[in-house]
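Q: Encoded as structure tokens, here's the structure I'll be asking about.
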Amino acid sequence: MRKPTRVAIIDDGINETIFNEKFLEYNLEIDAELQVVSRRNYHDLDFNHATICASIIRKYTKCDLMSSIKILNERAKSTVNQLVRAVEWCIEKEMDLVNISLGSTLNLDYEFLRNVVNQAYDRGMIIIAAQSNEGIFTYPVSLTNVIGVNCDKAGIYTEREFAFNIYPLNGIDITANARHKLKDYLGREFITQNSNSFAAPVVTSIINDFLKQKPKMTIEEIRGKLRTASLNTDLTEYYPNVYHFLDWIKEAIIFVINDQGNPYNIEYYDFKVREIIYIDSNDVHVITHLISSYLSGSMQTLKTTDTVVIVNQISSYMSDGQGNLYLKELSKYGKDIVYLGENIDKEVLQLLEIDGIKNIKLYHQIINKSDILNKASRDVQIPFIFIYDFDGVKMNSLLFLLSKKFRENGYSLVTVSDSPQEILSGHKIVNPFKEGAFFESSLASFCSVHDPDIMIIGVKRALAFSRDKSTVDRMMNNFQSDLHMFIINDVSDLYNINDIICERSDNVLVLSNINETSSFECGGNVINCVAEDAIDKLYFFTLNFFRS
3 MRKPTRVAII DDGINETIFN EKFLEYNLEI DAELQVVSRR NYHDLDFNHA
53 TICASIIRKY TKCDLMSSIK ILNERAKSTV NQLVRAVEWC IEKEMDLVNI
103 SLGSTLNLDY EFLRNVVNQA YDRGMIIIAA QSNEGIFTYP VSLTNVIGVN
153 CDKAGIYTER EFAFNIYPLN GIDITANARH KLKDYLGREF ITQNSNSFAA
203 PVVTSIINDF LKQKPKMTIE EIRGKLRTAS LNTDLTEYYP NVYHFLDWIK
253 EAIIFVINDQ GNPYNIEYYD FKVREIIYID SNDVHVITHL ISSYLSGSMQ
303 TLKTTDTVVI VNQISSYMSD GQGNLYLKEL SKYGKDIVYL GENIDKEVLQ
353 LLEIDGIKNI KLYHQIINKS DILNKASRDV QIPFIFIYDF DGVKMNSLLF
403 LLSKKFRENG YSLVTVSDSP QEILSGHKIV NPFKEGAFFE SSLASFCSVH
453 DPDIMIIGVK RALAFSRDKS TVDRMMNNFQ SDLHMFIIND VSDLYNINDI
503 ICERSDNVLV LSNINETSSF ECGGNVINCV AEDAIDKLYF FTLNFFRS
């Protein structure tokens, strides 16, 4: 006999009296002290937000069991801690589906919501969430392990019709109809507003039907079925296993191939690093064997590790398709995979799906261009900082720590790098040297989706042009930056680019391990970036620069 499907709605509380039946399994509230209490003293005939969401779900599907968890107060406000506690409660009670119509656009809330969402994923719970009506990146809806939904503003779809979004930059998987004909408790018909929160329950109802047919479907399987059921059927370039965010990683093993000279500090990643293993070889078959041997002999380590990362610095010397060997071998261990290198074919991505390992997540930059908007919807009016790395060592730590400092002080920001491995630290990846106009479109798209206060762009490939003044000059002219920072290794680098920098000394900062009293002939600024207080000084310098 099929186990009943359990659906929970986290919102402002369902008023079931309106439906003339008692159908709620739980009717609870998370109070300001994060206590889970029975909901009391409320207007049970109020057709409020949660009740409308429940009505939409019940209009399109029959729920076995439904629960209500109230976290919104009378002003439709709650805290991130209440939302986290509500999701934790759903995990504890083994809910199958959770519909969430609220979220946060604050960077500071990211870590809390990511952690609880990944816990829910591990327990097989499916979360469907609505995008903020501001239309920007929202937590938890934009996270990988959530089915993100927004509404069809054009009014194309009706009833349960929807479109499946391919590799969305904003993390929104589904665009669905939000205008539904319902009846209030007096039997009067009304049509719901065209808002994101009334599109999410439609998708919840669809997934509820999926689970009736096959209980305990994974989120990867559900995305596959949603893709098939969507109205936009031309999805030939979509690979269900491939993702372009890494928020799903909790603990990883990193294999670094032929890059022992660069530091890979475990402190500067967006997840826990169990171990970093360096492999010195140019032979793909030898490398594959060494990786496989390590993993086979580390089964205890693998129990707590969900992801294997390969940073492949020899990929440019490999034949086409040789990177496939890594993916095929790693897929045997049932772990998620991050492959930072070239030379894999799209065919191997299809093979991963066909081979019955649909639940493995894969990151590869092969799909990075899919989500860039042709035309950004917002004018880019925020400060841009470009950091040119002529040192080759300090970029990762500087980007990570400086962005952390801004976020800790309440600023929203986006960090971008041209170095693929920087995605492990949570940065966006775009190459300004290869992409041309695509690079500028990418930055505009990031601004449109995230609506940040500031954007920091790290150009690590500047190291290759440290002796080429014309290239550096062209970069500074083409990239319309408000503040230019140069990471240099010694005084000789300072004087090699002195002429270029002096032309713009009012918006240039040099970061080095040289004496802070050093300056350009034209009076430029220098900060010792290896000093203990370097990040604080850099942060306050930046604030004062833009304030002045």
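Residue numbering for the sequence shown follows the working numbering, starting at 3 and increasing by one per position.
Virtual Cβ for every residue (Gly too), placed ideally from N, Cα, C.
In this text, all values refer to a predicted model and were calculated from it rather than measured experimentally.
#1: Would you tell me roughly how many angstroms separate the C-alpha atoms of TYR112 and HIS246, rounded to the nearest one?
#2: For the alpha helix (DSSP H) containing HIS486, name the first residue and the last one.
#3: In the structure shown, what three-state DSSP assignment does MET97 receive?
#4: Which word fits ALA34, buried or exposed, when buried means at least 16 other C-beta atoms lie within 10 angstroms of its C-beta?
#5: Does the contact criterion of 3 or more C-beta pairs under 8 angstroms hold for the segment 203-222 versus the segment 152-165?
#6: How big is the Cα-Cα spacing for ILE251 and TYR141?
#7: Sort ARG409, LEU213, ASN260 by Cα distance to LYS561 and report the nearest one.
#8: Evaluate contact between the segment 418-428 and the segment 118-132, counting only Cβ atoms and requiring at least three cross-stretch pairs below 8 angstroms.
#9: Give the DSSP bridge partners of LYS274, in chain order.
#10: Go through its chain and collect everything with a Cβ distance to CYS531's Cβ below 8 angstroms, but skip five positions before and after it.
#11: Classify PRO454 as buried or exposed, calling it buried when 16 or more other Cβ atoms lie within 10 Å of its own Cβ.
#12: Which same chain residues, not among the five before or five after HIS51, have their C-beta less than 8 angstroms away from its C-beta?
#13: Would you report the Cα separation of GLY137 and ARG116, rounded to the nearest angstrom?
#14: Quick one: what does DSSP say ASP66 is sitting in, helix, strand or coil?
#15: Considering only the alpha carbon of each residue, which of LEU184, ALA165, THR53, LEU110 lies closest to SER405?
#16: Return the residue from the list LEU248, TYR241, SER232, HIS287 that minimises the CA-CA distance to ILE259.
#17: Taking the C-alpha atoms as reference points, what is the distance between ALA378 and VAL9?
#18: How is ALA34 classed by DSSP in three states: helix, strand or coil?
#19: According to DSSP, is PHE139 helix, strand or coil?
#20: With 16 other CB atoms within 10 Å as the buried threshold, where does ALA88 fall?
#21: Quick check: the Cα distance between THR107 and ASN120, rounded to an integer number of angstroms?
#22: Leaving out five residues on either side along the sequence, give the residues of the same chain with a beta carbon under 7 angstroms from the beta carbon of PHE21.
#23: Once you ignore the five residues that flank PHE25 on each side, which residues in its own chain have a CB closer than 7 angstroms to its CB?
#24: Of all the options THR306, VAL418, LEU47, which has the alpha carbon lying nearest to the alpha carbon of LYS185?
#25: Look at the Cβ atom of ALA178, then the Cβ atom of ASP154, and state whether they are nearer than 8 angstroms.
#26: Quick one: complete beta strand (DSSP E) runs, 3+ long, within the segment 123-210?
#27: Which two residues bound the contiguous beta strand (DSSP E) that contains PHE388?
#28: Can you check whether the CB of ILE221 is closer than 8 angstroms to the CB of TYR62?
#29: Would you decide whether THR7 is buried or exposed? Buried here means 16 or more other CB atoms lie within 10 Å of its CB.
#30: Compute the Euclidean distance between the alpha carbons of PHE192 and LYS183, then round it to the nearest angstrom.
#31: Comparing C-alpha positions only, which one of TYR341, PHE448, ILE459, GLY336 sits nearest to ASP391?
#32: Which same chain residues end up closer than 6 angstroms to SER57 when comparing Cβ atoms and leaving out the 5 residues on each side of it in sequence?
#33: From what residue to what residue does the beta strand (DSSP E) around ILE73 run?
#34: May I ask you to list the residues that DSSP assigns as paired with ASN2?
#35: Give me whichever residues DSSP pairs with ARG8 in a beta bridge.
A: In terms of the structure at hand:
#1: Reading the sequence shown from its first residue, position 110 is the one you call residue 112. Reading the sequence shown from its first residue, position 244 is the one you call residue 246. Computed Cα separation, rounded: 17 angstroms.
#2: In the sequence shown, residue 486 corresponds to position 484, counting from 1. Per DSSP, HIS486 belongs to no alpha helix (DSSP H); it is in the beta strand (DSSP E), 485-489.
#3: As a working mapping, residue 97 is identified with position 95 in the sequence shown. Here MET97 sits in coil by DSSP.
#4: Residue 34 sits at position 32 when you count from the first residue of the sequence shown. By the Cβ neighbour-count rule, ALA34 is exposed, with fewer than 16 other Cβ atoms within 10 Å of its own.
#5: Between the segment 203-222 and the segment 152-165, the count of Cβ pairs shorter than 8 angstroms is three or higher; the stretches touch.
#6: Position 249 of the sequence shown holds residue 251. Position 139 of the sequence shown holds residue 141. About 16 angstroms.
#7: Not covered by the structure: residue 561. The range shown for the chain is 3 to 550.
#8: no
#9: As a working note, residue 274 is residue 272 in the sequence shown. Partner(s): GLU253.
#10: By 1-based counting over the sequence shown, the position of residue 531 is 529. Hits under 8 angstroms: LYS396, LEU400, ILE489, LEU513, SER514, ASN515, LEU540.
#11: Along the sequence shown, one-based indexing puts residue 454 at 452. Looking at its Cβ environment, which holds 16 or more other Cβ atoms inside 10 Å, PRO454 is buried.
#12: Within the sequence shown, the letter at position 49 stands for residue 51. Excluding positions up to five away in sequence, the list reads ASP13, ASP14, LEU74, ALA78, SER103, SER199.
#13: Looking up residue 137 in the sequence shown gives position 135. Looking up residue 116 in the sequence shown gives position 114. Cα to Cα, the separation comes out at about 20 angstroms.
#14: Translated into the one-based positions of the sequence shown, residue 66 becomes position 64. If DSSP states are grouped into helix, strand and coil, ASP66 belongs with coil.
#15: Counting from one through the sequence shown, the residue named residue 405 turns up at place 403. Checked all of LEU184, ALA165, THR53, LEU110; the closest Cα to SER405 is LEU110.
#16: Counted from its first residue, the sequence shown places residue 259 at position 257. The candidate whose alpha carbon is nearest that of ILE259 is HIS287.
#17: Position 376 of the sequence shown holds residue 378. Position 7 of the sequence shown holds residue 9. For ALA378, the predicted structure reports a pLDDT of 46, less than 50, and the residue's modelled location is therefore unreliable. A value from the coordinates is still provided. Those two C-alpha atoms are separated by around 37 angstroms.
#18: Within the sequence shown, residue 34 is the residue found at index 32, counting from 1. Of the three classes helix, strand and coil, the one that applies to ALA34 here is coil, per DSSP.
#19: By one-based count along the sequence shown, residue 139 stands at place 137. Three-state DSSP puts PHE139 in coil, outside helix and strand.
#20: Within the sequence shown, residue 88 is the residue found at index 86, counting from 1. Classification for ALA88: buried.
#21: Here residue 107 corresponds to residue number 105 of the sequence shown, with the count starting at 1. Here residue 120 corresponds to residue number 118 of the sequence shown, with the count starting at 1. Their Cα atoms are separated by approximately 18 angstroms.
#22: Working through the sequence shown from its first residue, we reach residue 21 at position 19. Nothing listed; no residue qualifies.
#23: In the sequence shown, the residue the question calls residue 25 occupies position 23. Here PHE25 has GLU18, MET68 as same chain residues with Cβ atoms under 7 angstroms from its own Cβ, once five neighbours each way along the sequence are excluded.
#24: Taking the sequence shown and counting its residues from 1, the one referred to as residue 185 is at position 183. The residue with the shortest Cα to Cα distance from LYS185 is LEU47.
#25: On the sequence shown, residue 178 is found 176 positions in, with the first residue counted as 1. On the sequence shown, residue 154 is found 152 positions in, with the first residue counted as 1. Closer than 8 angstroms, so yes.
#26: For the segment 123-210, whole beta strand (DSSP E) runs of length 3 or above, ordered along the chain, are 128-132, 149-153, 164-166, 176-178, 183-185, 191-193.
#27: Start at 1 with the first residue of the sequence shown, and residue 388 comes out as number 386. Counting along the chain, the beta strand (DSSP E) containing PHE388 begins and ends at 386-391.
#28: Counting from 1 along the sequence shown, the entry for residue 62 is found at position 60. Counting from 1 along the sequence shown, the entry for residue 221 is found at position 219. For TYR62 and ILE221, no; Cβs fall outside 8 angstroms.
#29: By 1-based counting over the sequence shown, the position of residue 7 is 5. Around the CB of THR7, 16 or more other CB atoms lie within 10 Å, so the residue is classed as buried.
#30: Translated into positions along the sequence shown, residue 192 becomes position 190. Translated into positions along the sequence shown, residue 183 becomes position 181. The alpha-carbon atoms of PHE192 and LYS183 are separated by roughly 6 angstroms.
#31: What you label residue 391 is simply residue 389 of the sequence shown in a count that begins at 1. Nearest of TYR341, PHE448, ILE459, GLY336 to ASP391, Cα basis: ILE459.
#32: Walking along the sequence shown from the start, residue 57 turns up at place 55. Counting only Cβ-Cβ distances below 6 angstroms, and skipping sequence neighbours, we find LEU184.
#33: The residue given as residue 73 occupies position 71 in the sequence shown. Per DSSP, ILE73 lies in no beta strand (DSSP E) and is assigned neither H nor E.
#34: Here the chain comprises residues numbered 3 to 550, so residue 2 is not present and cannot be evaluated.
#35: Here residue 8 refers to the residue found at position 6 of the sequence shown. The partner list for ARG8 (beta bridge, DSSP) reads LEU67.
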